[in-house]
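J.:
Numbering (the numbering used here), first residue to last: 1360 to 1487.
(1) Span of the alpha helix (DSSP H) holding residue 1403?
(2) Kindly indicate the opening and closing residues of the alpha helix (DSSP H) around residue 1420.
(3) Under three-state DSSP, which class holds residue 1445?
(4) Taking the C-alpha atoms as reference points, what is the distance between residue 1441 and residue 1362?
(5) When the Cα atoms are used, what is the spatial distance from residue 1380 to residue 1480?
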(Lines of atoms letter the chains of each structure in order from A and count residues from 1; the text may use other names and numbers.)
(Lines give C-alpha, C1' and ligand atoms only; values in the text may rest on other atoms or scores of the structure.)
Protein backbone atom coordinates (compact mmCIF):
# COMPACT_ATOMS: atom_id res chain seq x y z
CA UNK A 1 0.00 0.00 0.00
CA UNK A 2 2.74 2.44 0.93
CA UNK A 3 4.50 1.79 -2.39
CA UNK A 4 1.30 2.57 -4.34
CA UNK A 5 0.96 5.82 -2.43
CA UNK A 6 4.53 6.79 -3.28
CA UNK A 7 4.02 5.97 -6.95
CA UNK A 8 0.82 8.02 -7.04
CA UNK A 9 2.52 10.98 -5.36
CA UNK A 10 5.37 10.85 -7.86
CA UNK A 11 2.96 10.75 -10.79
CA UNK A 12 1.14 13.77 -9.39
CA UNK A 13 4.45 15.58 -8.92
CA UNK A 14 5.58 14.85 -12.47
CA UNK A 15 2.31 15.91 -14.08
CA UNK A 16 1.18 18.79 -11.86
CA UNK A 17 2.20 21.48 -14.34
CA UNK A 18 0.03 19.94 -17.05
CA UNK A 19 -3.26 20.81 -15.34
CA UNK A 20 -2.56 24.54 -15.52
CA UNK A 21 -1.23 24.27 -19.06
CA UNK A 22 -4.28 22.30 -20.22
CA UNK A 23 -6.57 24.93 -18.73
CA UNK A 24 -4.57 27.69 -20.39
CA UNK A 25 -4.62 26.09 -23.84
CA UNK A 26 -8.31 25.20 -23.73
CA UNK A 27 -9.47 28.81 -23.61
CA UNK A 28 -11.84 30.04 -26.29
CA UNK A 29 -11.46 33.73 -25.53
CA UNK A 30 -7.79 34.20 -26.37
CA UNK A 31 -5.15 33.11 -28.83
CA UNK A 32 -3.48 29.87 -27.82
CA UNK A 33 -0.92 29.18 -30.59
CA UNK A 34 1.28 31.98 -29.34
CA UNK A 35 1.15 30.52 -25.83
CA UNK A 36 2.69 27.20 -26.80
CA UNK A 37 6.36 28.22 -26.63
CA UNK A 38 6.10 29.82 -23.17
CA UNK A 39 4.16 26.81 -21.90
CA UNK A 40 6.58 24.40 -23.54
CA UNK A 41 9.46 26.12 -21.78
CA UNK A 42 7.57 25.86 -18.50
CA UNK A 43 6.96 22.14 -19.05
CA UNK A 44 10.61 21.50 -19.87
CA UNK A 45 11.66 23.35 -16.73
CA UNK A 46 9.31 21.29 -14.58
CA UNK A 47 10.64 18.08 -16.16
CA UNK A 48 14.28 18.77 -15.34
CA UNK A 49 15.74 15.99 -13.26
CA UNK A 50 16.84 16.78 -9.73
CA UNK A 51 18.96 14.91 -7.23
CA UNK A 52 15.95 14.31 -5.01
CA UNK A 53 13.92 12.60 -7.77
CA UNK A 54 13.40 8.90 -7.29
CA UNK A 55 14.29 6.52 -10.10
CA UNK A 56 10.61 6.21 -11.01
CA UNK A 57 10.12 9.97 -11.12
CA UNK A 58 13.24 10.36 -13.28
CA UNK A 59 11.89 7.76 -15.70
CA UNK A 60 8.49 9.48 -15.88
CA UNK A 61 10.07 12.90 -16.47
CA UNK A 62 12.42 11.50 -19.11
CA UNK A 63 9.60 9.80 -21.01
CA UNK A 64 7.40 12.90 -20.99
CA UNK A 65 10.31 15.12 -22.02
CA UNK A 66 11.19 12.78 -24.90
CA UNK A 67 7.60 12.79 -26.13
CA UNK A 68 7.48 16.60 -26.03
CA UNK A 69 10.77 16.84 -27.88
CA UNK A 70 9.56 14.51 -30.64
CA UNK A 71 6.35 16.45 -31.11
CA UNK A 72 7.49 20.04 -30.77
CA UNK A 73 11.05 20.31 -31.98
CA UNK A 74 10.66 19.94 -35.72
CA UNK A 75 12.04 22.95 -37.58
CA UNK A 76 8.83 23.83 -39.44
CA UNK A 77 6.70 23.70 -36.31
CA UNK A 78 9.24 25.66 -34.27
CA UNK A 79 9.37 28.37 -36.96
CA UNK A 80 5.59 28.67 -36.86
CA UNK A 81 5.51 28.79 -33.05
CA UNK A 82 8.28 31.41 -32.98
CA UNK A 83 6.26 33.60 -35.35
CA UNK A 84 3.09 33.14 -33.31
CA UNK A 85 4.83 34.18 -30.10
CA UNK A 86 6.64 37.03 -31.87
CA UNK A 87 3.34 38.48 -33.13
CA UNK A 88 1.66 38.27 -29.72
CA UNK A 89 2.28 41.45 -27.70
CA UNK A 90 2.21 39.42 -24.48
CA UNK A 91 5.27 37.41 -25.48
CA UNK A 92 7.14 39.02 -28.42
CA UNK A 93 10.68 37.59 -28.29
CA UNK A 94 10.64 36.82 -24.56
CA UNK A 95 10.29 33.06 -24.98
CA UNK A 96 12.28 32.59 -28.16
CA UNK A 97 15.78 31.19 -27.78
CA UNK A 98 17.02 32.53 -31.10
CA UNK A 99 15.63 36.04 -31.55
CA UNK A 100 17.70 36.81 -34.64
CA UNK A 101 16.42 33.74 -36.47
CA UNK A 102 12.84 34.60 -35.50
CA UNK A 103 13.25 38.17 -36.75
CA UNK A 104 14.71 36.85 -39.99
CA UNK A 105 11.81 34.43 -40.48
CA UNK A 106 9.28 37.19 -39.78
CA UNK A 107 10.95 39.56 -42.23
CA UNK A 108 11.11 36.86 -44.88
CA UNK A 109 7.41 36.02 -44.46
CA UNK A 110 6.40 39.70 -44.58
CA UNK A 111 8.49 40.26 -47.72
CA UNK A 112 6.96 37.18 -49.32
CA UNK A 113 3.44 38.40 -48.50
CA UNK A 114 4.21 41.90 -49.79
CA UNK A 115 5.64 40.57 -53.06
CA UNK A 116 2.65 38.28 -53.55
CA UNK A 117 0.21 41.13 -52.91
CA UNK A 118 2.13 43.43 -55.26
CA UNK A 119 2.05 40.77 -57.97
CA UNK A 120 -1.68 40.19 -57.49
CA UNK A 121 -2.40 43.94 -57.60
CA UNK A 122 -0.36 44.35 -60.80
CA UNK A 123 -2.15 41.40 -62.42
CA UNK A 124 -5.58 42.85 -61.56
CA UNK A 125 -4.61 46.29 -62.94
CA UNK A 126 -3.43 44.75 -66.22
CA UNK A 127 -6.70 42.88 -66.59
CA UNK A 128 -8.78 46.04 -66.12
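Every residue, glycine too, gets a C-beta built ideally from N, C-alpha and C.
T.: A quick look at the data gives this:
(1) Taking the first residue of the chain shown as position 1, residue 1403 is located at position 44. 1395-1405 is the span of the alpha helix (DSSP H), which, as asked, contains residue 1403.
(2) The sequence position of residue 1420 within the chain shown is 61, counting from 1. Per DSSP, residue 1420 belongs to the alpha helix (DSSP H) from 1414-1431.
(3) As a position in the chain shown, residue 1445 is number 86, starting the count at 1. Residue 1445 falls in the helix class under three-state DSSP.
(4) Position 82 of the chain shown, counted from the start, is the residue given in the question as residue 1441. Position 3 of the chain shown, counted from the start, is the residue given in the question as residue 1362. Spanning the two alpha carbons is a distance of roughly 43 Å.
(5) In the chain shown, the residue the question calls residue 1380 occupies position 21. In the chain shown, the residue the question calls residue 1480 occupies position 121. The straight-line gap from Cα to Cα measures roughly 43 Å.
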